[in-house]
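I have placed the structure first, in the form of structure tokens, so that the comments after it can refer back to it.
There are 2 protein chains.
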Amino acid sequence: MLKQENSDKSFLDCPVAGIQDIIKGKWTTVILYFLSQSTLRFGELNRKMPMVTQAYLTKELRILENYGLIHREVYPQVPPKVEYSLTAMGKKFIPVLDALEKFAIEYEQDNQK
Amino acid sequence: MLKQENSDKSFLDCPVAGIQDIIKGKWTTVILYFLSQSTLRFGELNRKMPMVTQAYLTKELRILENYGLIHREVYPQVPPKVEYSLTAMGKKFIPVLDALEKFAIEYEQDNQK
DNA sequence: CAGGATCCGCCGCGATACTG
DNA sequence: CAGTATCGCGGCGGATCCTG
Numbered sequence: 001m002l003k004q005e006n007s008d009k010s011f012l013d014c015p016v017a018g019i020q021d022i023i024k025g026k027w028t029t030v031i032l033y034f035l036s037q038s039t040l041r042f043g044e045l046n047r048k049m050p051m052v053t054q055a056y057l058t059k060e061l062r063i064l065e066n067y068g069l070i071h072r073e074v075y076p077q078v079p080p081k082v083e084y085s086l087t088a089m090g091k092k093f094i095p096v097l098d099a100l101e102k103f104a105i106e107y108e109q110d111n112q113k
Numbered sequence: 114m115l116k117q118e119n120s121d122k123s124f125l126d127c128p129v130a131g132i133q134d135i136i137k138g139k140w141t142t143v144i145l146y147f148l149s150q151s152t153l154r155f156g157e158l159n160r161k162m163p164m165v166t167q168a169y170l171t172k173e174l175r176i177l178e179n180y181g182l183i184h185r186e187v188y189p190q191v192p193p194k195v196e197y198s199l200t201a202m203g204k205k206f207i208p209v210l211d212a213l214e215k216f217a218i219e220y221e222q223d224n225q226k
């Protein structure tokens with residue numbers, strides 16, 4: 001269930017063009033980062049990023065779910081419990097996160113002198 | 114010249130939080146990808162991504178320049194000539210591009226069956 | 001507890017026209 | 001050729017209230 005065709009970059013001679021949409025969300029990489037460390041309940045995840053609203057966090061989670069990167073497991077009980085984890089495809093994104101992390105550290109070091 | 118403080122993610126226990134702003138632009142990764150292959154004039158770059166407006170391409174280039182990832186070399190001549198290339202910091206972003214490329218290929222393969 | 005439903009300001013992104 | 005200058009729309013991102 002892809003969100004196809006934003007401005008047809010498909011014919012672009014650039015492999016990364018197609019996935020820009022995935023990572024452009026304001027908190028996508030952060031969410032994926034936390035979920036790469038451990039499966040988390042909604043509340044736990046939200047507590048790790050308190051500046052994000054419930055509503056918006058839900059939205060981004062749905063988007064990532066539609067992209068097939070995260071899995072949403074609902075436990076039918078009271079009170080409700082929902083756990084988020086990376087799918088197989090989501091785990092393939094981890095190298096990107098690692099590279100990003102490495103770059104981020106170098107970037108911030110270089111930038112505070 | 115960082116664009117500080119959008120919603121203070123700095124205290125977030127996540128290394129990648131700080132650079133989400135850099136990669137959130139609609140064409141950032143594509144621009145960096147092309148420039149990682151070779152130094153390019155404005156027109157050349159624009160021809161490689163024709164669906165992007167001159168105006169907007171200029172904007173994103175300025176942003177990446179302000180972030181210190183690309184270098185803008187102006188040749189004072191008529192007609193004018195401007196070349197864009199990666200800075201040292203920009204080159205440190207290449208591993209991210211490589212990881213993204215790898216992921217993109219796997220992602221798109223998996224998604225058309 | 002984990003969301004769904006609304007409402008809304010702002011700016012990302014684009015189209016178009018004009019310059020040195 | 002490589003930009004600036006305007007103008008405008010749509011939707012991202014957020015606040016706030018309500019539910020099973």
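Top to bottom, those sequences are chains A and B.
One point on numbering: in the numbering used here, the residue at position 103 of the first sequence is 103, and numbering is uninterrupted.
Position in the second sequence (from 1) plus 113 gives the number in the numbering used here.
Beta carbons are placed, not taken as given, at the ideal position from N, Cα and C, and that holds for glycine.
These numbers were taken from a predicted model, which means no experiment stands behind them.
Query, Result
"Just curious, the alpha helix (DSSP H) that A/S36 is in, first and last residue?", "28–37"
"Which class does B/L153 belong to by DSSP, given the choice of helix, strand or coil?", "strand"
"Where do the N-terminal and C-terminal ends of the beta strand (DSSP E) with A/E86 fall, by residue?", "Per the sequence presented here, residue 86 of chain A reads as Leu, with Glu not at that position. Where A/L86 is concerned, the enclosing beta strand (DSSP E) stretches over 81–86."
"Tell me the DSSP bridge mates of A/R72?", "A/Y84"
"So which residues of chain B does A/F93 contact, with C-beta pairs closer than 7 Å?", "F216"
"Can you pull the chain B residues whose beta carbon is under 9 Å from the beta carbon of A/A17, in chain order?", "W140, T142, V143, Y146, M162, A217"
"In this structure, does DSSP put A/Y67 in helix, strand or coil?", "coil"
"Could one say the Cβ of B/A168 lies closer than 9 Å to chain A's Cβ atoms, at least one of them?", "no"
"Assign A/Y33 to buried or exposed, taking buried as 16 or more other Cβ atoms, counted over all protein chains shown, within 10 Å of its Cβ.", "buried"
"Say whether the region 124–141 of chain B touches the region 168–178 of chain B, bearing in mind that this needs 3 or more beta-carbon pairs closer than 8 Å, one atom from each stretch.", "yes"
"Using a Cβ-Cβ cut-off of less than 7 Å, give me the residues of the region 175–191 of chain B that come near chain A, in sequence order.", "none"
"For B/Q133, does the count of other Cβ atoms within 10 angstroms reach 16, so buried, or fall short, so exposed?", "buried"
"Quick check on B/L125: does DSSP put it in helix, strand or coil?", "coil"
"Using a Cβ-Cβ cutoff of less than 7 Å, which residues in the same chain neighbour B/E173 once the five nearest sequence positions on both sides are dropped?", "G138, W140, T141, I144"
"Does any residue of chain A bring its CB to less than 9 Å from the CB of B/N159?", "no"
"Quick check on DSSP: helix, strand or coil for B/Q225?", "coil"
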